[in-house]
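Read through the structure below, which is laid out as structure tokens, and then see the notes.
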Amino acid sequence: MNVDKKRFRLLIKGTVQGVGFRPFVYNLATSLGAKGFVLNNADGVTIEIENVDIEKFIYLLKAKKPPLSEIEDITIKTLDWFGFEDFKIEESTIFGDKTPSVPPDMGICEDCLKEFNNPSDRRYKYPFINCTNCGPRYSIVLDIPYDRKNTTMNVFEMCEDCKKEYEDKTNRRFHAEAISCPNCGPIYWYEKNGNIYKENIFELMAKDLKDSKIIALKGLGGFHLICNALDEKAVRTLRERKKRSSKPFAVMFKSLEEALKYLEPTEDEIKPLTSIQKPIVLIKRKSPYFEEACKGLSSVGAFLAYTGIHLRLFDFIDFPIIATSGNISDTPICKDNDKAKSKLKDIADGFFMHNRDIKRPVDDSVIKLIDDDVSIIRLARSYAPKPIYINTHAKAISLGMGAFLKSTISIFKNNTIILSPHIGDLESIDTIEHYKNTLEDFLRFYDVKPDIVVCDMHPNFFSSIYAKSIFSNVISLQHHKAHILSVIAENNISLDQEILGIAWDGTGYGEDGTIWGGEFFIGDAYNLKRAFYIKPYKLIGNEKAIKDPRRIVLSFLFELLKEKAYKHPLIEKLHFEEKELKTLYKMWENDTNTTKTSSMGRLFDMVAYLMGLTDVIDYEAKGAMMVEDRYIDSKEYYDFNISNNEIIISFEDILGEKEIDKMASKFINMLFEIIVSIIKLLKAKNVVVSGGVFYNRPLMRKLKAIDGINLFYNKKIPTGDGGISVGQAFYGGILC
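So this is what it looks like as structure tokens:
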């Protein structure tokens, strides 16, 4: 062994707290006969070590690290020999500049699952079973470093058995901060009709579910509203009470074996479905299951039970359950017992609760697979906070304030962008409060006073208004440029690399004061210029047109035919009263209460309406999801032409389509052909795509098959507005 009489200090940055990293280091060091110590600090993990071949140690450190850990950087300093007698795990320190990532909550691991089902194990059927590899983290953290004293578990004194495990360096629960057991852990109960039940709780809940009841169940990061997913009466009742008329519900299954009875997943979809992250995965359902839950869509958001609480309930039922966020629609998931009882009293028939406090709510993550690529729709439980390691070192500490829809925040410090979990749409008081709390937590966790704050260009977004009210160093960045920059950051594209950036979505305030959404940019990270765009059209009635796709149809009829549009065959099908029709025409003609837009998302809404799929857009991306669902592989597409900077679509062909079943395919194929035409026109080699339209599976498959280009897109962060804050933070960090 090549051992020098030297001491080495290693500072390790990355996802190295709350993931079993210190016990791993201890066991590795002792197996090599090394002496020294390891501890958590505010920067990550510090190791001081001697009597070791340092090259071998670092190699094994990287090769055998815990599965949930991620090593970003290792800094090594050589010091004088100290003469340690053994290797220890020391108490954490609080010195440093606070740049580690707070670990995300994780679904139950295989080891805990085996113990849960083992009658001879002391945690047999224990609802709060966890270890260093799974269980609550971000949702219970009060401060960093991530130690038990800095979590909401600090009120539970460990019993002797748990304490032994916690202090046993060879045990899987060594320094598992949320460790507990039936003797010392949280207590739980069931409330309904003014009664509190503390025995036979799961049997009682099972009976209620079989009787079509709805239960508010407190889990890992907040409350779920659950009911029997096969009971259409119960699902309809949940829709009515939650005021969620058509947005799909997620369905939870006990196991993969159970899920396969109802779903047709690909091998690529099974991998994340059964992973320790256990996200909601969009998977094709077998007919006729979950018709009421999915409301016209062929896929269902499916996930597996990910806590002992869920698994214990499934011991008493033989059907999957609807498990949707425990909230009033468009507000944050409830996390506190009293608040849940108050807010959900008109929805839930019973409440399962426990006394492990949830410091901050965490939603379930949602993903879809495009072949073997994961496309993240909602980044939350098990995935966030998300550190994104950047080749470029930030010139200044930058804060991205996010968008209005699917809001998040991001901090860019040193060479890491840290993305918050999903916060939500900033349109309710509760969500705004959640946004403020998340911002406060992040600034405190990472000890950040941003040098520059980047917000959306929209002057009326709460995130923009709030940024300017509490910070003085605020700049704005156009929404779609932030989309493109999020891809540049995530993929570590050179800052001076010339790219063609394509940002397609529903809405984003443009630099000319109109609403953008069908944009092509050219340039590099420092300077993106709008080069091409969908020819702007008018939203008659502004926000009303976003909910009512008939107004989009009407806008194009007026554009094509002016007042002669009254005689078009489609007019009768739109069901406008004659007086209203004339008023809408005057609004269109005089630009009264109208906005110009190049939105691609609204065009999907229009096509969905023309296909007879929906009359109203009552949740985001409804039209896009329905049109994608009806795609049939073909080569036909609607005509278009490019004139100067405008892409002019042949809406006359779309509005006059006789073969309705072909509309989805021809429309999506047209989008692909538009992109190909611009690539050829510009001779582009490096193509960046972002925005909600690029969740579209057939479109992305076609783009990935284009020869001769380098295609870059979001993989680790949402391509929708949940990734906007990353682009903003990146822009601020490279700009100064």
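Sequential numbering from 602 applies to the sequence shown in my numbering.
Glycine included, every Cβ here is placed at the ideal spot set by N, Cα and C.
- For Phe-920, no beta strand (DSSP E) encloses it, and the DSSP letter there is neither H nor E.
- In this structure, the CA atom of Tyr-890 is about 35 Å from the CA atom of Asp-939.
- Buried is the label assigned to His-1084, since at least 16 other Cβ atoms lie within 10 Å of its Cβ.
- Contact between Asn-1297 and Leu-1101 does not hold, since their C-beta atoms are separated by about 18 Å, which reaches or exceeds 8 Å.
- Apart from the 5 residues on each side of it in sequence, Asp-931 sits with its Cβ closer than 7 Å to the Cβ of Asp-1026, Glu-1028, Ser-1029 in its chain, given in chain order.
- Excluding five sequence positions before and after Phe-1121, the CB atoms of its chain that fall closer than 6 Å to its own CB belong to Ile-1103, Ala-1132, Phe-1133, Ile-1279, given in chain order.
- Note that the stretch 1006-1016 does not touch the stretch 905-912; fewer than 3 beta-carbon pairs, one per stretch, sit closer than 8 Å.
- Contact between Ala-635 and Ile-659 does not hold, since the beta-carbon distance rounds to 12 Å and is not under 8 Å.
- Contact between the stretch 1236-1244 and the stretch 1183-1195 is absent: fewer than 3 CB-CB pairs across the two stretches fall below 8 Å.
- In the DSSP annotation of this structure, the continuous segment of the alpha helix (DSSP H) that includes Met-1264 starts and ends at 1264-1283.
- If one requires a minimum length of 4 residues, the alpha helix (DSSP H) runs lying completely within the stretch 795-824 are 802-811, in chain order.
- Within the stretch 1016-1057, the complete beta strand (DSSP E) segments at least 3 residues long are 1017-1020, 1053-1057, listed from N- to C-terminus.
- If you look at Phe-915, you'll find it in the alpha helix (DSSP H) that goes 909-915.
- In the DSSP assignment, Gly-1102 forms a beta bridge with Phe-1122, Val-1289.
- Phe-1013 is a Cβ neighbour of Ala-1330, given a cutoff of 7 Å.
- Pairing His-1035 with Lys-819 gives a Cβ-Cβ distance that is not under 7 Å.
- By the neighbour-count definition (other C-beta atoms within 10 Å, threshold 16), Tyr-1332 is a buried residue.
- DSSP, reduced to helix, strand and coil, places Ser-856 outside both helices and strands of the structure shown, so it counts as coil.
- Each residue's CA atom was taken as its position, placing Pro-624 and Pro-668 some 13 Å apart.
- Pairing Ile-1250 with Lys-1136, the inter-Cα distance amounts to about 8 Å.
- A residue is called buried when at least 16 other Cβ atoms come within 10 angstroms of its Cβ; Phe-683 does not meet this threshold and is exposed.
- DSSP, read as helix, strand or coil, puts Asn-1143 in coil.
- Its chain contains Asp-869 as the residues whose beta carbon lies nearer than 8 Å to that of Asp-973, once the 5 sequence neighbours on both sides are disregarded; these appear in chain order.
- Close CB contacts of Tyr-725 within its chain, under the 8 Å cut and outside five residues either way in sequence, are with Glu-716, Phe-717, Asn-718, Asn-719 (chain order).
- It is roughly 28 Å from the alpha-carbon of Val-1088 to the alpha-carbon of Phe-904.
- Every beta strand (DSSP E) stretch that sits fully inside the stretch 834-878 and reaches 3 residues is listed by chain position as 851-854.
- A residue is called buried once 16 or more other Cβ atoms fall within 10 Å of its Cβ, and Asp-1216, having fewer, is exposed.
- Within the same chain, Asp-1149, Arg-1152, Leu-1185, Met-1188, Asn-1194, Thr-1195 come within 8 Å of Gly-1142 by CB-CB distance, once the 5 residues on both sides are set aside.
- Ser-1199 places its beta carbon 7 Å or farther from that of Trp-1105.
- Residue environment: Glu-778 is assigned as buried (16 or more neighbouring CB atoms within 10 Å of its CB, all protein chains considered).
- Bounds of the beta strand (DSSP E) holding His-955 are 951-955.
- Cβ-Cβ distances below 8 Å link Lys-996 to Gly-1334, Ile-1335, Leu-1336, Cys-1337 in the same chain, with the five nearest sequence neighbours on each side left out; the list follows chain order.
- Where Tyr-789 is concerned, the enclosing beta strand (DSSP E) starts and stops at 789-793.
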